[in-house]
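Single-structure report; data block below.
There are 2 protein chains.
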Amino acid sequence: MEQNLENIRHSLAHLLAAAVLKKWPDTKLGIGPVIENGFYYDFQFTQPISDADLKDLEKQMRKFIGGKLAFTGKEMNAAELNKLYSDQPFKLDLIEEYAKDGRAMTSYRTGEIFEDLCRGGHIENTTEIDPDAFKLTKLAGAYWRGDEKNAQLTRIYGVAFENKEKLDAYITMLAEAEKRDHKKLGKEMGLFVFSSLVGPGFPLFLPKGEVIFRKLEEFMREEKEKLGYSFVRIPHVAKAELYSKSGHLGKYDAMMPLMTDNDGNKFAMKAMNCPHHFEIYNAQPHSYKDLPYRIAETTTVYRNEKSGEVSGLVRVKALTQDDTHHVVRHDQIESEIAVITDLMDRVYGTFGFTDYKIQISIRDPHHPEKYFGDNALWEKSEKILIDAVRKWGRRFVVEEGEAAFYGPKIDIMVKDSIGRTWQLTTVQLDFNQPENFDMSYTGEDGSKHRPAILHVAILGSVERFMGILIEHYAGHFPLWLSPVQARVIAVGEKFQDYGEKILAELKDVGLRAELAGSNETLGKRIRQAQVEKIPYVLVVGEEEATNGTVATKLRGADLGKLSVKDLVEQMQAEIKEKK
Amino acid sequence: MEQNLENIRHSLAHLLAAAVLKKWPDTKLGIGPVIENGFYYDFQFTQPISDADLKDLEKQMRKFIGGKLAFTGKEMNAAELNKLYSDQPFKLDLIEEYAKDGRAMTSYRTGEIFEDLCRGGHIENTTEIDPDAFKLTKLAGAYWRGDEKNAQLTRIYGVAFENKEKLDAYITMLAEAEKRDHKKLGKEMGLFVFSSLVGPGFPLFLPKGEVIFRKLEEFMREEKEKLGYSFVRIPHVAKAELYSKSGHLGKYDAMMPLMTDNDGNKFAMKAMNCPHHFEIYNAQPHSYKDLPYRIAETTTVYRNEKSGEVSGLVRVKALTQDDTHHVVRHDQIESEIAVITDLMDRVYGTFGFTDYKIQISIRDPHHPEKYFGDNALWEKSEKILIDAVRKWGRRFVVEEGEAAFYGPKIDIMVKDSIGRTWQLTTVQLDFNQPENFDMSYTGEDGSKHRPAILHVAILGSVERFMGILIEHYAGHFPLWLSPVQARVIAVGEKFQDYGEKILAELKDVGLRAELAGSNETLGKRIRQAQVEKIPYVLVVGEEEATNGTVATKLRGADLGKLSVKDLVEQMQAEIKEKK
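Protein chains in written order, with the numbering used here: chain B, 1 to 579; chain D, 580 to 1158.
What follows is the structure, given as structure tokens:
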């Protein structure tokens, strides 16, 4: 995010708190940080407030903005601050903690109207804020410091941009996103459901949703087969020892569902596929000529998420990854990353994702103890990733402290059709797991060498990717992904037989087609097909039955009367081109 | 099994015990039942014995047979028996138990040489035994009554048939089975491995094994899609409550891996798919016109087997079922079973399994408390299954006490290429789970009706089926299942390029082909391809490169020089016909 916009949002949080105190002077203040697209502030009110109050608060904030107030900060010690914030218990709590950590503390004033304990990051004067470019959006409950044992506070959310145009665009996007909500469409289109008996975070895919899921899986497989990937199949569990060896156990225990079997062994549902794939690599000898060896599998990993944290398909407790472990010689790392970025371009392009954001995640240099492996290897790995992305020719940012414990990674985020970005592919470079698993290949020199690993999932989680696609397409899937590709509708009962004949011809060539029942009006059946977002609607009556044709509509557009042969050819071409 | 052969085997067990007592009079006797193909007897010896002793024991048994000894039984009370077997502690143990249960007890004499506590089932005289038609095969350890807390005994196994010809055939079959052992071939052919870190009972499928697994899965899916089955996708876990509702929890707890998640909920890895599929059925309304509704999925269930009980692919702890739940109206049950038996005939026929054994498993009439649902429904269900198999026109046996707790079932066993039988398909009829899950459909009369369920898995466990197929084909898979369908071998380094060209052409049309490296002799490379059981071996050299042909061998048979076009056509036809 641009620094100035961040400062505007942070300053608006202060103005919100000032407006709240002006209206209800006894309110206790929590914290007010910047978030994506805006800000929030947490308050402990003496009386309940409602959405209706937000308009008043906005009006007051605009008045403050018109007052051309300056933001000025000043370093202070704990004693001074304790005195200043003596009636604000949550601020006193923070002062105590910061003082214990020996952190420098500052207090920021907004003109003469408000003062807040704050580490800074403000505009200089409220004149920098466009008073029509922000909006308070909603209320929510929140615990002080996120801990349910603490006091419950009320959070007021706001959004803010540089100008009104951007705010309006954002609000339009939100409305559009709500219409496209994959949980809503998923239900309407009969794609997936949740069951309270199966549990939250575990979607059940209905027949129509299963088609989309499987087509995505098959698509990735076909693309990977063209590149000579090797596919394997592993169980969804392993002895806990496997994850001790990989180092995951001890770092991710809370995430891994663990159990004890009848032999008294500790078992884990797999939280990641790498150690299984390494065992597969190690089961057979390998020569330098076999590398890169790409071990691919679309398989499910499990996460002990809390039920409150799961959401539709985008955050689930059992997620299916299109995973690959590329076992490579050290001299093959860069060329292998080029193979991966090529594949990524091709896959993303298929779905119309052309605008990427790229982040290279490296170590937190202040906490080397959080990572496996020595310094030189880390530096080498980080440099290789940065060089590879440069060669790819795309812009990127570098984030410290976001690497996996065994190596740095590249994260790729794509922009969907309504402008939201989603993190999809991750490429991790790993010199450490080959050590843990004593992986090797025989070099041209006849002796053993250590390979490196690239961990890659292109779609990421297939469940999540499917959720994103539902919203990206607003349910109007391209033909190759559509659960029902065509619906035949007979204008009346006596043409139902001809409808059956057309249906059989479409099914015979592998198209996913249905015949509408005859107990509704023609108009209602056509509208129903549109509601279900079925691409091809084929109406048949007297004339069509006589001439052996179908009156064809493709996504509402009239294609006229086509012979079945021409229709099939057109549909098959469209499927092949994945458009 | 024929009753007389069973009596011969049981009588041989007595003769074995008699021979042991003659040689080592202080031996304590356990039990000596009939098993498949033969019998065993458990002994507590005062000194260790070895395989070398088995010949002597056989010789003694033959002497007894020559003595024309009669078997005669007599009912006795506990006091009499305790006296008779006062020096046989294990027999005293049995007498105590039988007396407690109030069971009638008999003691059987063999001529004047031996007497044993036994419920009968003997031939009248040893003249009925062919002395050349039995063999003592091996020694093994066993615990008294199978409990590891009891004394350890030595078990002597024997096989026995009506005549020497049958015994010889059986021994030949055993030797053949050993050669075909899927664990051995699976390793040699690089199909699957086990990892001590992942755990016993959890196979890891290598790329070549994954091909076979997936082709089996695809084959079943294609066959089911032709019949209009609906495919779904469910998670591998569920809240324990789901299995309380289905009644599995409380009956199969020991089999179900259970764990607790971060919300404190009890979770189970799924031990069966039915309750998930019922939740899918219930997620949408259904009309009588939608039935039969066939909910299909190839998915994995988990069993808490002890590690000592798992074996290769045929007994695993995570097994993948080609499962279907047929939701049917009561008037559709018989026609639906006909659809299933048709599919079964087609699937089995594809693998050359044409000889079936059919068992209909009904309730144990003495323990109605072990089953859900009322008597009338059980009687109706059992009759429906028997009638359906009669209509199928195949012979069957009825077994009491082998039904599932919610309904009776049909089990189908097939004979493989070396005469062994394997249980594959199970068809269960179930009126009870629709009650538990309150499943319904709207009838023609507009009111709610209760459907019935048929639970069906045709291959059963795909892992186990694959293990059976490896042995059935002795690793020589038909072309459509072969992991590598063709290997191109260039006669020398300078034809390697032409080999690459051929390889690319085969791969382009989707054939699974490889090119042999050039660092071995031609003969060695051809032999290697045979060892790996690759169906097509394509040798190329000067002449082939000039004429654009390949010298083709199919499973060792010379097909001469073929153009690539003809070769591809032949291979594709063979794949399509699944031969």
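Ideal Cβ placement from N, Cα and C applies to all residues, glycine included.
This one's a predicted model, so the numbers in the text were calculated from it and none came from an experiment.
Please confirm whether residue i has its beta-carbon closer than 8 angstroms to some beta-carbon of chain B.
i, result
"Gly-769(D)", "yes"
"Gln-1064(D)", "no"
"Ile-1113(D)", "no"
"Leu-1151(D)", "According to the sequence shown, residue 1151(D) is Gln rather than Leu. So no, Gln-1151(D) is outside the interface."
"Phe-792(D)", "yes"
"Phe-713(D)", "no"
"Glu-789(D)", "yes"
So if DSSP puts residue i in a beta bridge, which residue, or which two residues, is it bridged to?
i, result
"Glu-804(D)", "BP columns for Glu-804(D) are empty, so no partner."
"Glu-514(B)", "Arg-487(B)"
"His-449(B)", "Tyr-441(B)"
"Glu-979(D)", "Ile-941(D)"
"His-455(B)", "His-325(B), Gln-428(B)"
"Arg-812(D)", "Phe-205(B)"
"Phe-622(D)", "Leu-608(D), Thr-733(D)"
"Gly-652(D)", "Tyr-687(D)"
"Lys-239(B)", "Phe-267(B)"
Compare the C-beta of residue i against all C-beta atoms of chain D and say whether one is closer than 8 angstroms.
i, result
"His-276(B)", "yes"
"Asp-364(B)", "no"
"Val-237(B)", "yes"
"Thr-300(B)", "yes"
"Ser-447(B)", "no"
"Gly-146(B)", "no"
"Ile-468(B)", "no"
"Pro-207(B)", "yes"
"Phe-39(B)", "no"
"Met-259(B)", "yes"
"Arg-180(B)", "no"
"Met-1(B)", "Only weak support is given to the placement of Met-1(B): the predicted model assigns it a pLDDT of 49, under 50, and the value that follows is read from those uncertain coordinates. No, no contact with chain D."
With DSSP as the reference, label residue i as helix, strand or coil.
i, result
"Gly-1135(D)", "coil"
"Asn-163(B)", "coil"
"Met-1(B)", "Because the pLDDT at Met-1(B) is just 49, under 50, the model does not fix this residue reliably, and the point stays unresolved."
"Gly-1078(D)", "helix"
"Glu-877(D)", "Here residue 877(D) is Thr; the residue named in the question, Glu, does not match the sequence. Strand, per DSSP."
"Gln-152(B)", "strand"
"Gly-67(B)", "coil"
"Ile-628(D)", "coil"
"Glu-615(D)", "coil"
"Met-1045(D)", "helix"
"Asn-844(D)", "coil"
"Arg-688(D)", "strand"
"Asp-116(B)", "strand"
"Gly-352(B)", "coil"
"Tyr-594(B)", "Outside the shown range of chain B (1 to 579) lies residue 594(B), about which nothing can therefore be said."
Would you grab the beta carbon distance between residue i and residue j for me? Rounded to a whole angstrom, and I think it's under 8 angstroms.
i, j, result
"Ile-735(D)", "Ile-644(D)", "Not quite, the Cβ-Cβ distance comes to about 17 angstroms (not below 8 angstroms), so this is no contact."
"Ala-268(B)", "Val-237(B)", "7 angstroms"
"Leu-69(B)", "Ile-113(B)", "7 angstroms"
"Leu-204(B)", "Ile-813(D)", "5 angstroms"
"Thr-341(B)", "Tyr-348(B)", "No, Thr-341(B) and Tyr-348(B) are not in contact; Cβ-Cβ is about 10 angstroms, not under 8 angstroms."
"Arg-294(B)", "Ser-230(B)", "6 angstroms"
"Glu-615(D)", "Ile-997(D)", "So it is not a contact: roughly 15 angstroms between Cβ atoms."
Check whether the Cβ of residue i sits closer than 7 angstroms to any heavy atom of the ligand GTP, and report yes or no.
i, result
"Leu-718(D)", "The ligand GTP is not part of the structure shown, which contains no ligands of any sort."
**Request:** Determine, using beta-carbon pairs with one atom in the region 429-444 of chain B and one in the region 358-367 of chain B, whether at least three such pairs fall under 8 angstroms.
**Result:** no
**Message:** With three or more C-beta pairs closer than 8 angstroms as the rule, is the region 912-921 of chain D touching the region 1014-1033 of chain D?
**Reply:** yes
**Message:** Under 8 angstroms, with one C-beta from each stretch per pair, do the region 1044-1053 of chain D and the region 749-763 of chain D reach the 3-pair mark?
**Reply:** yes
**Cβ pair count under 8 angstroms reaching 3, the region 656-675 of chain D against the region 693-700 of chain D** = yes
**Item:** At least 3 beta-carbon pairs within less than 8 angstroms: the region 398-405 of chain B vs the region 437-447 of chain B
**Value:** no
**Asked** Given 8 angstroms as the limit, is there contact between the region 827-840 of chain D and the region 212-229 of chain B, that is, 3 or more CB pairs closer than that?
**Response** no
**Item:** Touching by the beta-carbon criterion (3+ pairs, under 8 angstroms), the region 888-904 of chain D and the region 848-860 of chain D
**Value:** yes
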